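For the sequence shown, the numbering used here begins at 7 and goes up steadily by one.
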Amino acid sequence: MNPTVHLSPSVAQALDEHRPVVALESTIFSHLGLPSPANADALQRCLDAISATGAVPAITAVIDGRARVGIEPGEHERILGPARKAASRDLPVAVAQRWDVGATTVSASLALAARAGIGVFTTGGIGGVHRDAATSGDVSADLGALGSYPVVTVCAGAKAFLDLPRTLEHLEMLGVPVLGWASDEFPAFTSVSSGLPVPHRVDSAEEVAAVVTAQRDLGSPTGVVVTVPLAEADAVPADELEAATAEALTAAEREGLSGPALTPFVLDRIATATEGRSVPANLALAEANASVAGAIAVALAEREAELHRVDPAR
Ligand code: PSU
Ligand code: MN
7 MNPTVHLSPS
17 VAQALDEHRP
27 VVALESTIFS
37 HLGLPSPANA
47 DALQRCLDAI
57 SATGAVPAIT
67 AVIDGRARVG
77 IEPGEHERIL
87 GPARKAASRD
97 LPVAVAQRWD
107 VGATTVSASL
117 ALAARAGIGV
127 FTTGGIGGVH
137 RDAATSGDVS
147 ADLGALGSYP
157 VVTVCAGAKA
167 FLDLPRTLEH
177 LEMLGVPVLG
187 WASDEFPAFT
197 SVSSGLPVPH
207 RVDSAEEVAA
217 VVTAQRDLGS
227 PTGVVVTVPL
237 AEADAVPADE
247 LEAATAEALT
257 AAEREGLSGP
267 ALTPFVLDRI
277 ATATEGRSVP
287 ANLALAEANA
297 SVAGAIAVAL
307 AEREAELHRV
317 DPAR
């Protein structure tokens, strides 16, 4: 598409043919997001879940200084190993300074997906307003990106160690619709519910596609968030998680951690404190989200084809 953003052949062809495509981030699959070998397992399960719906997966990353959308299996090793975290503001630097591997966060992935013309993105949990934001000012760039790029993000809500009520408030401020997938509650990542109501509920991929079309027709430039609660059987009990979270946040404060290093540190501490029980939950929710994202991409592609048949000018 341009010398900076490189599409893989399968993604380029799918987009050309208006077939459904789902973008994925790479931070979650790098050592910053999940321990090895769970990261490789997570990646394969997400790719398989998307392919099973008939959509084409498009992993985003920076490799050898090139912003990539779609990474073929031969190069998966590159993102599974050590990587530098790349949020949206880091992308131009990662390209200009030719980073070996830049693992894209939600914000960077949304920027690349939008640039490539991909309308659906899947992840585990989005970043949000940190619990100490009142003093630290730490609000994830993910939220700004959700407000800026016209992409549907499928997630299990925001990571549970964040301030979830304020994260929801922030999404409202940005004008981002938040839709609960077959649920009235806002999930809390590896817990089924945060106890907070989700602003709106949807029960099918077609319903999400209808919201997206209406949003575009109304001229809204933002993304849409679809929250998928993980299955009860895969969840980590909320009280166990809260204890692990409190411990992880105290440790982070003791060690003086802040900024981009905070999230990988907290995720790692929670994985250890729950004796690895948060990791299978993380895999299960990532896979479930990928499957829902695939279904939404398929429904959107069908809807767009149908609207185009009725009105070729669309
Ligand atoms: N949730 C996970 N694993 C992750 C992340 C979220 O379970 O690795 C990553 C995502 O890439 C998300 C990023 O975009 O953390 C947010 O980081 P920060 O809080 O620094 O904005
Ligand atoms: Mn931050």
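The beta-carbon is built from N, C-alpha and C at its ideal position, and this holds for glycine as well.
As the structure is a computational prediction, the values presented were derived from the model and not from experiment.
Given the structure, does residue i come close to the ligand MN, in the sense that its CB is under 6 Å from one of the ligand's heavy atoms?
i           : result
residue 148 : no
residue 144 : yes
Count the other C-beta atoms from every protein chain shown that fall within 10 angstroms of the C-beta of residue i, then say buried if there are 16 or more, exposed otherwise.
i           : result
residue 206 : exposed
residue 220 : exposed
residue 265 : exposed
residue 33  : buried
residue 104 : exposed
residue 136 : buried
residue 288 : buried
residue 313 : exposed
residue 290 : buried
Quick check: is any heavy atom of the ligand PSU less than 6 Å from the C-beta of residue i?
i           : result
residue 34  : yes
residue 266 : yes
residue 31  : yes
residue 282 : no
residue 59  : no
residue 6   : The requested residue 6 is not part of the displayed model; the chain covers only 7 to 320.
residue 153 : no
residue 272 : no
residue 130 : yes
residue 262 : no
residue 256 : no
residue 71  : no
residue 80  : no
residue 135 : no
residue 228 : no
residue 196 : no
Does DSSP classify residue i as helix, strand or coil?
i           : result
residue 282 : coil
residue 224 : coil
residue 100 : helix
residue 12  : strand
residue 156 : coil
residue 277 : helix
Which one or two residues does DSSP pair with residue i in a beta bridge?
i           : result
residue 164 : 132
residue 197 : 194
residue 187 : 208
residue 110 : 92
Worksheet item: So does the stretch 107 to 120 actually touch the stretch 20 to 35, counting three or more Cβ pairs closer than 8 Å?
Response: Between the stretch 107 to 120 and the stretch 20 to 35, the count of C-beta pairs closer than 8 Å reaches three or more; the two stretches touch.
Discussion item. Under 8 Å: do the stretch 36 to 48 and the stretch 113 to 121 share three or more Cβ pairs, one atom per stretch?
Written reply: Cβ pair count under 8 Å is below three, so no.
Fill in: Touch test, the stretch 236 to 251 against the stretch 172 to 184, Cβ-Cβ under 8 Å, three pairs minimum
With a cut-off of 8 Å, the stretch 172 to 184 and the stretch 236 to 251 do not count as touching, because too few Cβ pairs lie within range.
Worksheet item: Okay, do the stretch 295 to 310 and the stretch 49 to 63 touch, 3+ Cβ pairs below 8 Å being the bar?
Response: Because the criterion of three Cβ pairs below 8 Å is met, the stretch 295 to 310 and the stretch 49 to 63 touch.
Discussion item. Between the stretch 232 to 239 and the stretch 153 to 160, can you find at least three pairs of beta-carbon atoms closer than 8 Å?
Written reply: Yes, the stretch 153 to 160 touches the stretch 232 to 239.
Practice prompt. Check whether the stretch 210 to 229 touches the stretch 179 to 194, counting contact only when three or more Cβ pairs, one atom from each stretch, lie closer than 8 Å.
Written response: At 8 Å Cβ cutoff, the stretches touch.
Worksheet item: So does the stretch 72 to 87 actually touch the stretch 12 to 31, counting three or more Cβ pairs closer than 8 Å?
Response: Yes: the two stretches touch, three or more of their Cβ pairs being nearer than 8 Å.
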